[in-house]
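Here our numbering runs 34 ahead of the position in the sequence shown, where the first position is 1. Positions of the beta carbon are idealized from the N, C-alpha and C atoms, including for glycine. Take a look at the structure below.
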Amino acid sequence: MKIYNKIVYDIDNNIIEEDSYEYEGPLALADFVSTAATAATPYMPYVAAGTAVLAGRQASAVGSYNKAIADRNFRVKVQEAERIQQQKEFDLARFDQQFSQLQGQTKTNVLFSGAELSGSGLRILRSNIEQAELQKNIIDYNSKVAQFKKLEEANFALMSGELAKQQAKATELGYYAQAGTSLLKASG
Numbered sequence: 035m036k037i038y039n040k041i042v043y044d045i046d047n048n049i050i051e052e053d054s055y056e057y058e059g060p061l062a063l064a065d066f067v068s069t070a071a072t073a074a075t076p077y078m079p080y081v082a083a084g085t086a087v088l089a090g091r092q093a094s095a096v097g098s099y100n101k102a103i104a105d106r107n108f109r110v111k112v113q114e115a116e117r118i119q120q121q122k123e124f125d126l127a128r129f130d131q132q133f134s135q136l137q138g139q140t141k142t143n144v145l146f147s148g149a150e151l152s153g154s155g156l157r158i159l160r161s162n163i164e165q166a167e168l169q170k171n172i173i174d175y176n177s178k179v180a181q182f183k184k185l186e187e188a189n190f191a192l193m194s195g196e197l198a199k200q201q202a203k204a205t206e207l208g209y210y211a212q213a214g215t216s217l218l219k220a221s222g
């Protein structure tokens, strides 16, 4: 087999200078990738360490981002709980207004019929008051249940954010440990 050290071609692709020799020994694969890998081998631990440090920083950034999202979700859920409380107060005020109108109409109807506010008329007004209190208690209870649910969702969002941050921190430390190991191998 002819091994070329140097070949010079002219413009018409004719060989004008050649330096070669005949070789009859074993053949080894000598491609660009193998040559480049062999040349880069002493630097690979540093490349691995640098990549691990970058991955650690990225893991930290992802954890911070996920925590920020969870913190936002926490604030949104707390605001929703506050809106439920405000809605309850509005509903109770509107109910009291409607109840006052009902009681006024009931009194007017009883007196307009010529009866006195005693006996049946008084029992109707008292029954209306008892039913109104029951209805107000139901409104209050439903509001508290909805608020509790939103606050639980808020707490879950907060815990999820803390968990995401801690998981990212553990991943980040793992990458930094890989970087340290790569550098130790390089110096050893």
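Asked, Found
"Does DSSP classify Glu58 as helix, strand or coil?", "coil"
"For the region 183 to 193 against the region 101 to 109, are there 3 or more C-beta pairs whose distance is under 8 Å?", "yes"
"Ordered along the chain, which non-local residues of its own chain (more than five positions away) have a Cβ less than 6 Å from that of Ala237?", "Here the chain covers residues 35 to 222 and nothing more, so residue 237 does not appear."
"Of the residues Thr142, Tyr43, Tyr57, Asp46, which one's Cα is nearest the Cα of Met224?", "Lying outside 35 to 222, the shown extent of the chain, residue 224 is not represented and no answer is given."
"Can you give me the C-alpha to C-alpha distance between Gly155 and Leu136, rounded to a whole angstrom?", "13 Å"
"Under 8 Å, with one C-beta from each stretch per pair, do the region 97 to 104 and the region 195 to 204 reach the 3-pair mark?", "yes"
"Around the Cβ of Ala127, are there at least 16 other Cβ atoms within 10 angstroms (buried) or fewer (exposed)?", "exposed"
"Just verifying my parser: in three-state terms, what is the DSSP assignment at Asp46?", "coil"
"Which residues in the same chain have their Cβ closer than 6 Å to the Cβ of Gln139, if we skip the five residues on either side of it in sequence?", "none"
"To which residues does DSSP link Asp53 through a beta bridge?", "Lys40"
"Using only the alpha-carbon positions, how far apart do Glu51 and Gly59 sit?", "25 Å"
"How many Å lie between Glu186 and Glu114 at the Cα?", "12 Å"
"Applying the 10 Å Cβ sphere with the 16-neighbour rule, what's the burial state of Ser134?", "exposed"
"Helix, strand or coil for Glu167, going by three-state DSSP, please let me know.", "helix"
"Measuring straight from C-alpha to C-alpha, what distance separates Ile163 and Gln131?", "13 Å"
"Helix, strand or coil, according to DSSP, for Met35 in the structure here?", "coil"
"Within its chain, find whatever has a CB closer than 8 Å to the CB of Asp174; leave out the 5 residues flanking it on each side and keep chain order.", "Lys122, Leu126"
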